[in-house]
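Protein chains in written order, with numbering that gives the first Met the number 0: chain A, 0 to 610; chain B, 0 to 374.
C-beta: ideal position from N, C-alpha, C; glycine also.
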Amino acid sequence: MSELDSVYTESSSLKLFITKSFFRLRRWLSRPEKIMGLILLAVLVILVVMPLIQIVIGASTYSYSDVSRRNLDAEVGDWTIYHWQRVVASRMSPVLLIKPLLHSMAIAIGVVLVALPLGSLLAWLVVRTDLPLKKLMGNLSIIPYVMPSWVMALAWFTVFKNSRLGGAPGFLEAMGINVPNWLSYGYIPIVLAMTIHYFPYAFILVSGAIASMDSQLEDTGRVLGASQRTVLRKITFPLMLPALGSAFVLIFSKALGTFGTPAILGLPVKYYTVATRVYHSIRGGNTGSAYALVIFLILISSLTIYMNARVIGVRKKFTTIGGKGTRVKTTKLGRARIPVAVIVFTFISVCILAPLSMLLLQSLTLHGDFNFSELTLKFWIGAPGEVYASNAGILRDPAVQAGMWNTIKLAVIAALVASFSGLFFGYAVVKARGSFLSKLIENLAFTPYIIPSIAFGGIFLSMFARSWGPIPSLYGTFTLLVLVTVAKRLPYTSRTGISAMMQIDKSLEEAAYLRGTSWVKRMWAIIIPLGKSGMMAGFILSLITSMRMLSLIILLVTPKTMVLTAMTYRFVEQGFTQQANAIAVLIIIMTLSGYFLATVLGKSKLEHIGG
Amino acid sequence: MGFISLQGITKRYGKVTAVDHLNLEIEKGEFHTLLGPSGCGKTTTLRMIAGLEELSEGELFINDRCVYSVPLAKHVAAPDRGVGLIFQSYALWPHMTVYQNVAFGLKEKKFSKDRIRTVVTDMLEKVQMNGYENRYPSELSGGEQQRVAIARMVVTEPPAFLMDEPLSNLDAKLRMRLRSELKRLHNESGATTVYVTHDQVEAMTLSDRITVMQLGLLQQDATPTDLYNTPANLFVADFMGNPQVNKLDGAIAVKDGGKVYSSATGSLTVPLGDDIAGSVSEGQEVALVMHPEWLKASPTPVANSIEMKVYVSLMAGCETLIFLQSDGLSLVTREQGQSDFQADTKVWVTLNRYNLYDMGTESLVGTGGTGESCL
Ligand SMILES: Nc1ncnc2c1ncn2[C@@H]1O[C@H](COP(=O)(O)OP(=O)(O)OP(=O)(O)O)[C@@H](O)[C@H]1O
Ligand SMILES: [Mg+2]
Numbered sequence: 000m001s002e003l004d005s006v007y008t009e010s011s012s013l014k015l016f017i018t019k020s021f022f023r024l025r026r027w028l029s030r031p032e033k034i035m036g037l038i039l040l041a042v043l044v045i046l047v048v049m050p051l052i053q054i055v056i057g058a059s060t061y062s063y064s065d066v067s068r069r070n071l072d073a074e075v076g077d078w079t080i081y082h083w084q085r086v087v088a089s090r091m092s093p094v095l096l097i098k099p100l101l102h103s104m105a106i107a108i109g110v111v112l113v114a115l116p117l118g119s120l121l122a123w124l125v126v127r128t129d130l131p132l133k134k135l136m137g138n139l140s141i142i143p144y145v146m147p148s149w150v151m152a153l154a155w156f157t158v159f160k161n162s163r164l165g166g167a168p169g170f171l172e173a174m175g176i177n178v179p180n181w182l183s184y185g186y187i188p189i190v191l192a193m194t195i196h197y198f199p200y201a202f203i204l205v206s207g208a209i210a211s212m213d214s215q216l217e218d219t220g221r222v223l224g225a226s227q228r229t230v231l232r233k234i235t236f237p238l239m240l241p242a243l244g245s246a247f248v249l250i251f252s253k254a255l256g257t258f259g260t261p262a263i264l265g266l267p268v269k270y271y272t273v274a275t276r277v278y279h280s281i282r283g284g285n286t287g288s289a290y291a292l293v294i295f296l297i298l299i300s301s302l303t304i305y306m307n308a309r310v311i312g313v314r315k316k317f318t319t320i321g322g323k324g325t326r327v328k329t330t331k332l333g334r335a336r337i338p339v340a341v342i343v344f345t346f347i348s349v350c351i352l353a354p355l356s357m358l359l360l361q362s363l364t365l366h367g368d369f370n371f372s373e374l375t376l377k378f379w380i381g382a383p384g385e386v387y388a389s390n391a392g393i394l395r396d397p398a399v400q401a402g403m404w405n406t407i408k409l410a411v412i413a414a415l416v417a418s419f420s421g422l423f424f425g426y427a428v429v430k431a432r433g434s435f436l437s438k439l440i441e442n443l444a445f446t447p448y449i450i451p452s453i454a455f456g457g458i459f460l461s462m463f464a465r466s467w468g469p470i471p472s473l474y475g476t477f478t479l480l481v482l483v484t485v486a487k488r489l490p491y492t493s494r495t496g497i498s499a500m501m502q503i504d505k506s507l508e509e510a511a512y513l514r515g516t517s518w519v520k521r522m523w524a525i526i527i528p529l530g531k532s533g534m535m536a537g538f539i540l541s542l543i544t545s546m547r548m549l550s551l552i553i554l555l556v557t558p559k560t561m562v563l564t565a566m567t568y569r570f571v572e573q574g575f576t577q578q579a580n581a582i583a584v585l586i587i588i589m590t591l592s593g594y595f596l597a598t599v600l601g602k603s604k605l606e607h608i609g610g
Numbered sequence: 000m001g002f003i004s005l006q007g008i009t010k011r012y013g014k015v016t017a018v019d020h021l022n023l024e025i026e027k028g029e030f031h032t033l034l035g036p037s038g039c040g041k042t043t044t045l046r047m048i049a050g051l052e053e054l055s056e057g058e059l060f061i062n063d064r065c066v067y068s069v070p071l072a073k074h075v076a077a078p079d080r081g082v083g084l085i086f087q088s089y090a091l092w093p094h095m096t097v098y099q100n101v102a103f104g105l106k107e108k109k110f111s112k113d114r115i116r117t118v119v120t121d122m123l124e125k126v127q128m129n130g131y132e133n134r135y136p137s138e139l140s141g142g143e144q145q146r147v148a149i150a151r152m153v154v155t156e157p158p159a160f161l162m163d164e165p166l167s168n169l170d171a172k173l174r175m176r177l178r179s180e181l182k183r184l185h186n187e188s189g190a191t192t193v194y195v196t197h198d199q200v201e202a203m204t205l206s207d208r209i210t211v212m213q214l215g216l217l218q219q220d221a222t223p224t225d226l227y228n229t230p231a232n233l234f235v236a237d238f239m240g241n242p243q244v245n246k247l248d249g250a251i252a253v254k255d256g257g258k259v260y261s262s263a264t265g266s267l268t269v270p271l272g273d274d275i276a277g278s279v280s281e282g283q284e285v286a287l288v289m290h291p292e293w294l295k296a297s298p299t300p301v302a303n304s305i306e307m308k309v310y311v312s313l314m315a316g317c318e319t320l321i322f323l324q325s326d327g328l329s330l331v332t333r334e335q336g337q338s339d340f341q342a343d344t345k346v347w348v349t350l351n352r353y354n355l356y357d358m359g360t361e362s363l364v365g366t367g368g369t370g371e372s373c374l
């Protein structure tokens, strides 16, 4: 005690203040979740904040190719409004910005407006009616979302491509039916192909909300004398609004920045979206303009998320639905039960089987024209030289084999890194819940969601092309592909990690801490075993995503690091339809195997698959 | 200084002050209970003692050693404080068996395998859980989980036990049985015990000393008897009610030259003894507080009583609660055993004891009555 008294009496207040502050800092730093938070913050700064800053800088400075090509009287890196001017207020601006932006918006809105009602209807049928084989229907409807989105575009071509372009015609054209251009290329095909990919996403998001909604709330309305329709309008819909709102925003911002489908179905007829324009600008060396375009996309995405939070976020508070008394009552479909089941089943099967079988069929015909008298396996197993130039059938082509190996290697490594980092994110965020650091890293980890993949890849390309402080140049390395994949998946992995950690009561770790167990041992003996199942699910989801992504890595792959998706796209660009299709079929098989693994192992949160 | 000494400890979460300058001395070997309603800061206090929560202010001493002080820049980590803690949720590791759960702390202490086996087996026997070694926590009932949690805490023989509402998840019968087991555990081990609960009966039956808290502030620190008989303020008085106390608002008046309590509604007057009369003044607003058993209802007229009517009578086997009314007054009294009072019959109520509180400060002014009717 006297020791304490003397501290108070003898020390000057400044000295006391310093002692106190120093002590507090030391205490703060002694907490593992804080250290972890700081490390993750550093990682986020490198993988998310820096890219964002680089995008802004890139859009506002001269690049090397700007200076060398245009003989400007400027240095590389000088600040300029040139790109902004070019994009917003020049002769070029309709081509560069206005039209692509209108196209992107129109596509995104079109996709949401079709996919969301379709997905919601399906969700309602599966969750809240007595539809037969509900579980099967639910699992099947997710499959189009598991397949790569650009597969739908390729599949579209196998059916609807007309002879305006060269190369293999589509099925209808081959059968002698004239397909109008609007059905072959551009807006309508893009929206429909993307809808087939995104309606399952809407299904997943909405069915979760429907399942957790207490039907007693609706019953109460019925008991009070309201008609079924009034209950739907006045109770069900308002309660579902937050879920619908966030589904809207999530689908909208994804569709807005999608690259693959618009590239395949739009570029042949010079129908540009912002994403495809960005791709072309980067490839053409106009990175500045590309980044300016990206900033517009990011702003629009952020704005929708913000508006959604403002309009619906307030309401969310009173719609915390679910809880103990939750009871899900099923609506009887009555006589419509069987016909509805048949329609749903047919629709889903067509969405899955049609693309798969058409791609497969076309890859088996000699000229890709569905002439079944000329069936061939050469695109699959032909000897070297048998297929065009010097190529072999894909299963015997060393380049494809290397690509397959790269794909699997990338998927496994990225998924491992992603699921562990997800767990660490969960730990740092949940254990420090409520602190500024926790909120900061949680929000930063979500940010990659609103950066279009193509731009994310582009910025990683320019950021890591040269060495950068202690980080060496990563261009052309496998590490770069892993990094970009892990970074882009952060919104999903961090969420999986957070929800896994929320399941683990903090007292479980504290009980071990009280017994003097070190942090590493606590992680090893308590946290990881308990978080295992959540991590496993996250791992498989990352695995699937990494195998099928195209836009994220298309700008980053080199012949050495070539993966299957990029290879397909190159084949498409070169007009080698059958090989492209064959590889697409291969990728579909790989992702679907992953998906079945996930459903067998169970518990996967499928909305965390991501694009 | 007590075995555990809290000196002005404070915990703030942003703007919320969970614990506010709490001073407390917990003597060696004492069973000390922190009692208070939900959210009053009991768990927070316990976690600060255990070392799971940093103090915002104040000093903490355990066994004459400073374990936390900001100005002294002193901090002793939780494992080195020599306290065992039972969490409200038990925090048994769901992926470990009963045996592994109990053995975990011993492995940390680098005991040999054989020694661990003996110690754990002994311990499980002590809490009557032998034979359950290979079960997982999810395969145990609430009471069994509770015993494993106790075994896990006690097995490392810490000199102090901290328990956070260990019985609150159990049903009423089991709670009664485990209360006696906890009391025995304390008697046998002699460990200083800090016990948290919001159940005042539990606190009364188990403790040597009780600290009542409200909104992070200490309200009273006393023995169970003192706490029950002379609550320091209206909050404690109300909280100690089992199930409730009689509280009658009123004011001090002068009658026949002496000071009396006069109720605000109805016409109850209580002459005040000399010791109380000296500390109140005419017109002062006060409240009269009585436990139900301090009132006695008689079916026949008696001296120094007020006439009331039975509103309802609730018989619970061992005791009967009788709710009484007269114009403007409602009271409740407790009779031992099974009394038979019919609703709406007349009774005559005598008052044997009371506490008087000032309405402004809400604190105790004095105690009156000696067992005889003091009306
Ligand atoms: N981590 C935290 N962040 C913010 N506020 C907190 C935190 N922990 C506790 N509080 C607040 O501090 C106050 C005291 O909480 P505490 O858990 O100590 O109450 P308690 O007395 O144990 O209640 P109960 O009987 O419900 O367990 C409460 O108002 C609570 O909301
Ligand atoms: Mg508590």
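Beta carbon nearer than 7 angstroms to a non-hydrogen atom of ligand 2: B:Lys-41, B:Thr-42, B:Gln-87, B:Asp-163, B:Glu-164, B:Val-195
Beta-carbon separation (whole angstroms), Phe-424 (chain A) vs Ile-440 (chain A), contact threshold 8 angstroms: 7 angstroms
Against chain B: residues of the segment 530 to 543 of chain A by CB proximity under 7 angstroms: none
Residues, ordered as in the chain, of the segment 36 to 53 of chain B that lie near chain A by beta-carbon distance below 7 angstroms: Ala-49, Leu-51, Glu-53
Cβ pair Ala-167 (chain A), Gly-367 (chain A) closer than 8 angstroms: yes
His-197 (chain B) Cβ short of 7 angstroms to ligand 1 heavy atom set: yes
Proximal residues of chain A, C-beta to C-beta of Thr-155 (chain B) below 8 angstroms: Arg-514
Residues of the segment 499 to 523 of chain A with Cβ closer than 8 angstroms to any Cβ of chain B, in chain order: Asp-504, Ser-506, Leu-507, Glu-509, Ala-510, Ala-511, Tyr-512, Leu-513, Arg-514, Gly-515, Thr-516
Reduced DSSP category for Asp-273 (chain B) - H, G, I as helix; E, B as strand; rest coil: helix
Chain A contact residues for Glu-107 (chain B), given Cβ-Cβ distances below 7 angstroms: Arg-514, Gly-515, Thr-516
Cutoff 8 angstroms: Gly-256 (chain B) Cβ touching any chain A Cβ: no
Check: Tyr-89 (chain B) C-beta below 7 angstroms from any heavy atom of ligand 1: no
Cα-Cα separation between Val-42 (chain A) and Thr-406 (chain A), rounded to whole angstroms: 25 angstroms
Own chain, CB closer than 7 angstroms to Thr-128 (chain A), minus 5 neighbours either side, in chain order: Thr-329, Thr-330, Leu-332
Beta-carbon spacing of Val-269 (chain B), Tyr-353 (chain B) below 8 angstroms: yes
Test: Lys-19 (chain A) CB closer than 8 angstroms to a CB of chain B: yes
Proximity to Thr-260 (chain A) [Cα-Cα], best of A:Ser-226, A:Leu-376, A:Pro-147: A:Pro-147
Option nearest Ile-304 (chain A) by Cα separation, candidates A:Val-341, A:Lys-253, A:Gly-283, A:Ile-80: A:Lys-253
Residue nearest to Leu-555 (chain A) in terms of C-alpha spacing, selected from A:Ile-582, A:Lys-520, A:Leu-479: A:Leu-479
Inter-residue CB distance, Thr-194 (chain A) and Ala-114 (chain A) (contact presumed, cutoff 8 angstroms): 5 angstroms
Distance between Met-174 (chain A) and Gly-421 (chain A) (C-alpha atoms, nearest Å): 51 angstroms
Those residues which DSSP pairs with Ser-329 (chain B) across a bridge: B:Gln-324
Member of B:Lys-73, B:Val-235, B:Lys-41, B:Gly-28 whose CA lies at the smallest distance from the CA of Phe-188 (chain B): First, the residue type needs correcting, since residue 188 (chain B) is Ser and not Phe in the sequence shown. The shortest C-alpha separation from Ser-188 (chain B) is found at B:Gly-28.
Ile-525 (chain A) at chain B interface by Cβ criterion, 8 angstroms: yes
Sheet register partners of Glu-318 (chain B) (DSSP bridge): B:Gln-335
Cβ-based neighbour list, Met-162 (chain B), same chain, cut-off 6 angstroms, excluding 5 preceding and 5 following: Ile-85, Tyr-194
Interface flag, Leu-166 (chain B) vs chain A, CB-CB below 8 angstroms: no
Cutoff 8 angstroms: Thr-590 (chain A) Cβ touching any chain B Cβ: no
Ser-498 (chain A) (DSSP reduced to helix, strand or coil): helix
Euclidean distance between Cα positions of Asn-138 (chain A) and Ile-263 (chain A): 28 angstroms
Own chain, CB closer than 7 angstroms to Leu-266 (chain A), minus 5 neighbours either side, in chain order: Thr-275
Cross-chain neighbours of Phe-86 (chain B) in chain A, by beta carbon under 7 angstroms: Ser-506, Ala-510
Cβ separation of Pro-223 (chain B) and Met-203 (chain B), assumed to be a contact under 8 angstroms, to the nearest whole Å: 5 angstroms
Ligand 1 heavy atom lying under 7 angstroms from the CB of Gly-433 (chain A): yes
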